[in-house]
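Q:
There are 2 protein chains.
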Amino acid sequence: MTLLQRLFHIPLFVPVQTLALASGPASLILARVGRTLDRMTPQLSAPSTPKERQAKGHIALVGAGPGAADLLTLRAVKRLQQADVIFYDRLVDPEVLELARPGTEMVFVGKHVGAHSWPQEKINRVIVTEALKGRRVVRLKSGDPGIFGRASEEMEAADEAGIPVELVPGITAASAAGAALGRSLTSRGVANALVLTTGTGCASDPFPDCTRLSGPGTTTAFYMSVRQARRLADQLMQKGLPADSPVDIAVEVSKPGERHFAATVGSLADVIAACHITGCAILLVTWPEGGVPTVQSQTAAGQTAEGPKAVTAV
Amino acid sequence: MTLLQRLFHIPLFVPVQTLALASGPASLILARVGRTLDRMTPQLSAPSTPKERQAKGHIALVGAGPGAADLLTLRAVKRLQQADVIFYDRLVDPEVLELARPGTEMVFVGKHVGAHSWPQEKINRVIVTEALKGRRVVRLKSGDPGIFGRASEEMEAADEAGIPVELVPGITAASAAGAALGRSLTSRGVANALVLTTGTGCASDPFPDCTRLSGPGTTTAFYMSVRQARRLADQLMQKGLPADSPVDIAVEVSKPGERHFAATVGSLADVIAACHITGCAILLVTWPEGGVPTVQSQTAAGQTAEGPKAVTAV
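Each protein sequence line maps, in turn, to chains X and V.
Numbering-wise, the first sequence is residues 25 to 338 according to the numbering used here.
Numbering-wise, the second sequence is residues 25 to 338 according to the numbering used here.
1) From the beta carbon of Arg283(V), is the nearest beta carbon of chain X less than 8 angstroms away?
2) Contact criterion: CB-CB distance below 8 angstroms. Does Ala203(V) meet it with respect to chain X?
3) Is Asn216(X) close to chain V? Criterion is C-beta to C-beta, closer than 8 angstroms.
4) How about Asp193(V): is its C-beta nearer than 8 angstroms to some C-beta of chain X?
5) Excluding the 5 residues flanking Gly173(X) on each side, which residues of the same chain have their C-beta closer than 7 angstroms to its C-beta?
6) Does Thr302(X) pass the burial test, meaning 16 or more other C-beta atoms within 10 Å, or should it be called exposed?
7) With a CB to CB cut of under 8 angstroms and the five nearest residues on each side skipped, what residues in its chain are close to Ile187(V)?
8) Measuring CB to CB, does Asn216(X) end up less than 8 angstroms from Ala181(X)?
9) Measuring straight from C-alpha to C-alpha, what distance separates Asp229(V) and Ser141(V)?
10) Which chain X residues sit within Cβ distance under 7 angstroms of Leu209(V)?
11) Can you tell me whether Gly290(X) is helix, strand or coil according to DSSP?
12) What do you reckon, are the CB atoms on Thr244(X) and Val275(X) nearer than 8 angstroms?
13) Is there a C-beta anywhere in chain B that falls below 8 angstroms from the one on Val219(X)?
14) So Leu156(X) contacts chain V; which residues on that side make the cut at Cβ distance below 8 angstroms?
15) What does DSSP give as the partner residue(s) for Met130(V) in the beta ladder?
16) Quick one: grab the DSSP three-state call for Asp272(V).
17) Please classify Ile147(V): does DSSP put it in a helix, a strand, or coil?
18) Threshold first: 4 residues or longer. Then list the alpha helix (DSSP H) segments lying entirely within the segment 153-203 of chain X, N to C.
19) Is the CB-CB distance between Ala88(V) and Val133(V) below 8 angstroms?
20) CB-CB under 7 angstroms to Asp268(V), same chain, minus the five flanking residues each way: which ones, in chain order?
21) Compare the C-beta of Ser291(V) with all C-beta atoms of chain X and state if any pair is closer than 8 angstroms.
22) In the DSSP assignment, find the unbroken alpha helix (DSSP H) run with Leu260(V) in it and report its ends.
23) Take Leu256(X) and list the residues in its own chain whose beta-carbon comes closer than 7 angstroms to its own, dropping the five residues that flank it on each side.
24) Examine chain X for any beta-carbon lying closer than 8 angstroms to the beta-carbon of Thr302(V), and answer yes or no.
25) Contact check, Leu209(V) vs Ile306(X) under 8 angstroms by CB: the rounded distance?
26) In the DSSP assignment, the alpha helix (DSSP H) including Leu121(V) goes from what residue to what residue?
27) Express the C-alpha separation of Ala198(X) and Arg212(X) in angstroms, rounding to a whole number.
28) Under a Cβ-count criterion, where at least 16 other Cβ atoms within 10 Å of its own Cβ denotes burial, should Pro280(V) be classed as buried or exposed?
29) Once the 5 residues before and after Pro39(V) are set aside, which same chain residues still bring their CB inside 6 angstroms of it?
30) Within 10 angstroms of its Cβ, does Arg125(X) collect 16 or more other Cβ (buried), or is it exposed?
31) Given this structure, state the Cα-to-Cα distance separating Leu260(X) from Gly194(V), to the nearest angstrom.
32) Could you list which residues in chain X have their beta carbon closer than 8 angstroms to that of Leu96(V), in chain order?
33) Going by other Cβ atoms of all chains shown within 10 Å of its Cβ, with 16 needed for buried, is Phe231(X) buried or exposed?
34) Under a three-way DSSP split, which group does Val214(X) fall into?
35) Looking only at its chain, what residues have a beta carbon closer than 6 angstroms to the beta carbon of Arg59(X), apart from the 5 residues adjacent to it on each side?
36) Quick check: is the beta carbon of Met179(X) nearer than 8 angstroms to any beta carbon in chain V?
Written as structure tokens, this is what we have:
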């Protein structure tokens, strides 16, 4: 079997003999990769047949990572290939959906920024309904499903219906932003803790105190916080972070519209307004041990950011 | 071209005509996957030739994820395939190394738990030395290189030598542990912030106050904290977390030796001792909003943990 057959468990319409006759290092590589993946994923099988569908359903909450198709894990790609139906929302890049089998049913459960998405309860209901039909359901979520992905609610709905549910982890936005900016999120003697938080709350807490954990020795990654930037910057300064402390803004990381901006805590809200940053962005603030920012990323304030798409903010 | 050729940019010794003649859904799938990955990774090229090596070197700090080969990203696999030399340490599973090309030079820079690793300065020096020879260097790191991966030091060494350096993000241990345990790390109305911290400090701060950010509305993921468990549990209880609050212990997530244990804050140190947990583990503590733990994972204290390898702790 080839790597593809092993990895995706899909019959490939090339005679196995042809591949077996292949020689040279490439065929060795493929055999080794295939064997490795085989051993690591013994539970996988081919896409379900109509007969199997009657017997069992399954829900996988799959992390799509930040956007780029090549930042999916191999396991996530396999789940997409095995799915009978995929529920996705606006944050999942169209490129990622192309990794599924053609003909896989795709259901869009959210609209674009600022418009309404499906209520969570409706999503819970439809994924369970599809699984109860015996189908393999993938709920594809931006980033990591366990981090600001509302996985709890979908897992509870599946559990109540007796549907097996699997979590497939993904690259969370903070990791992707740090990598794109060429900076580490933790650093010895500077930040020994990383806080992932959000400026966007829920109905019972619409304006969460998302800066409450920021302080000396931390990096804080603010998710979904662009609209709350002025409030959170004011809070950080009230807590003692100097106004000239750098803030990295990573917009649409790994997507075609990726942009990086360098601001300071004091200029954050103005930079966001001036640069028309409205959508999917991560704000990274390192508050160094000792309290005075000394380490900056490669997109430090006032310098030209690196990378072809990078922009230096005002 | 096949997916494999596009994905790994390695000549495959099968006539292209043979693949082009293939019909049916599988070949369509492969063409679509290949096109997608091609578009997303235009910067990739084949492994370097001796001539190219004279012209340029490159260092990629690549996240290997928690252990299982299928939890690498597609981009990480590509970097392994392109590497001339790979530096890895004890936390990287041998299965992952099999994803590299045969004949790739592999350098082990760390020893097993409790024994000495290479000093960081030596690692910095050798990766730069190899890149200055014009080689493609992969520094393969467990988890995400930007989270407790000492990426800052290796990036600084590369920058000082003028070597281009790339960060490839990986699945960090907290994400992997949450997924393995079937629990979300954040949850509306329970925990709106996630703290990643470590009980193992550096020379200047050997016993960091790793519980300082834990409090109502947080989940804390403690990395490298097994040996500090009694101290951190005492600190959590002193801060007001009830002794019967659940703690999930995820050991060697996604590796062959994976085990899950359920403890409470009060029993944590005793469970770790009784179950002989000494190595690579993540401790997850959710301190719910309102202060009283009400939500537990599927491996809640006192219940049999799920999964074939799971064990219920004392």
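Glycine residues also receive a C-beta, built at the ideal position from the N, C-alpha and C atoms.
A: Reading from the atomic positions:
1) Taking the first residue of the second sequence as 1, we reach residue 283(V) at position 259. False, the Cβ-Cβ gap to chain X never drops below 8 angstroms.
2) As a first step, residue 203(V) is located in the second sequence; it is residue number 179 there, counting from the start. Interface with chain X (8 angstroms Cβ-Cβ cutoff): Ala203(V) is included.
3) Position 192 of the first sequence, counted from the start, is the residue given in the question as residue 216(X). By this cut-off, Asn216(X) is an interface position.
4) In the second sequence, counting from the first residue as 1, residue 193(V) sits at position 169. Strictly speaking, residue 193(V) in this sequence is Pro, with Asp absent from that position. Closer than 8 angstroms: yes.
5) In the first sequence, counting from the first residue as 1, residue 173(X) sits at position 149. If we look at Gly173(X) and ignore the five residues flanking it on each side, its Cβ neighbours are Lys165 and Gly167.
6) Your numbering for residue 302(X) matches position 278 in the first sequence. Exposed, by the Cβ-count rule.
7) The residue given as residue 187(V) occupies position 163 in the second sequence. Closer than 8 angstroms at the Cβ level, and outside the excluded window around Ile187(V), lie Gly81, His82, Ile83, Val152, Ala155 and Leu156.
8) Locating residue 216(X) in the first sequence gives position 192, where the first residue counts as 1. Locating residue 181(X) in the first sequence gives position 157, where the first residue counts as 1. Contact annotation: Asn216(X) and Ala181(X) have beta-carbon atoms that are not nearer than 8 angstroms.
9) In the second sequence, residue 229(V) corresponds to position 205, counting from 1. In the second sequence, residue 141(V) corresponds to position 117, counting from 1. So the alpha carbons of these two residues sit roughly 19 angstroms apart.
10) Position 185 of the second sequence, counted from the first residue, corresponds to residue 209(V). Under the 7 angstroms cutoff, chain X gives Gly170 and Ile171.
11) For the purposes of this step, residue 290(X) is taken as residue 266 along the first sequence, with counting starting at 1. In the displayed model, Gly290(X) falls within coil according to three-state DSSP, outside both helix and strand.
12) Here residue 244(X) is taken as the residue at index 220 of the first sequence, counted from 1. Here residue 275(X) is taken as the residue at index 251 of the first sequence, counted from 1. No, Cβ-Cβ distance for Thr244(X) and Val275(X) is not below 8 angstroms.
13) Chain labels in this structure do not include chain B; the protein chains are X and V.
14) The sequence position of residue 156(X) within the first sequence is 132, counting from 1. By Cβ distance, chain V contributes nothing, its closest Cβ being about 19 angstroms from Leu156(X), past 8 angstroms.
15) In the second sequence, the residue the question calls residue 130(V) occupies position 106. DSSP lists Ile110(V) as the beta-bridge partner residues of Met130(V).
16) Within the second sequence, the letter at position 248 stands for residue 272(V). Secondary structure of Asp272(V) (DSSP, three-state): strand.
17) Position 123 of the second sequence, counted from the first residue, corresponds to residue 147(V). Correct three-state label for Ile147(V): helix.
18) DSSP runs (the alpha helix (DSSP H)) wholly in the segment 153-203 of chain X: 175-184.
19) On the second sequence, position 64 is the one that residue 88(V) refers to. On the second sequence, position 109 is the one that residue 133(V) refers to. No.
20) Translated into positions along the second sequence, residue 268(V) becomes position 244. Here the set comprises Thr288 and Gly290.
21) Counting from 1 along the second sequence, the entry for residue 291(V) is found at position 267. At a cut-off of 8 angstroms between beta carbons, Ser291(V) makes no contact with chain X.
22) As a working note, residue 260(V) is residue 236 in the second sequence. It spans Ala253 to Gln262 - the alpha helix (DSSP H) in which Leu260(V) sits, taken as one unbroken run.
23) Position 232 of the first sequence holds residue 256(X). So the list reads Gly223, Cys234, Thr235, Phe246 and Ser249, once near-sequence residues are dropped.
24) Looking up residue 302(V) in the second sequence gives position 278. Put simply, the CB of Thr302(V) is far from chain X, with every gap to its CB atoms at 8 angstroms or more.
25) The residue labelled residue 209(V) in the question sits at position 185 within the second sequence. The residue labelled residue 306(X) in the question sits at position 282 within the first sequence. With a contact defined as Cβ atoms closer than 8 angstroms, Leu209(V) and Ile306(X) miss out at about 17 angstroms.
26) Translated into the one-based positions of the second sequence, residue 121(V) becomes position 97. Per DSSP, Leu121(V) belongs to the alpha helix (DSSP H) from Pro118 to Leu121.
27) Position 188 of the first sequence, counted from the first residue, corresponds to residue 212(X). Position 174 of the first sequence, counted from the first residue, corresponds to residue 198(X). Cα-Cα distance, rounded: 18 angstroms.
28) Taking the first residue of the second sequence as 1, we reach residue 280(V) at position 256. Pro280(V) should be labelled exposed.
29) Against the second sequence, residue 39(V) aligns to sequence position 15. Note on Pro39(V): pLDDT 25, under 50, position unreliable in the model; no value is reported.
30) Mapped onto the first sequence, residue 125(X) falls at position 101. It counts as buried.
31) Start at 1 with the first residue of the first sequence, and residue 260(X) comes out as number 236. Start at 1 with the first residue of the second sequence, and residue 194(V) comes out as number 170. A straight-line Cα-Cα distance of about 29 angstroms links Leu260(X) and Gly194(V).
32) Walking along the second sequence from the start, residue 96(V) turns up at place 72. Going along chain X in sequence order, the residues near Leu96(V) (Cβ under 8 angstroms) are Thr97 and Leu98.
33) Locating residue 231(X) in the first sequence gives position 207, where the first residue counts as 1. Burial state of Phe231(X) is exposed, judged by a 10 Å Cβ sphere holding fewer than 16 other Cβ atoms.
34) The residue given as residue 214(X) occupies position 190 in the first sequence. The answer is coil: DSSP assigns Val214(X) none of H, G, I, E or B.
35) Taking the first sequence and counting its residues from 1, one reaches residue 59(X) at position 35. A caution first: Arg59(X) carries a pLDDT of 48, below 50, which makes its placement in the model too unreliable to give a value.
36) Taking the first sequence and counting its residues from 1, one reaches residue 179(X) at position 155. Using a Cβ-Cβ cut-off of 8 angstroms, Met179(X) counts as an interface residue toward chain V, since at least one Cβ of chain V sits closer than that to its own.
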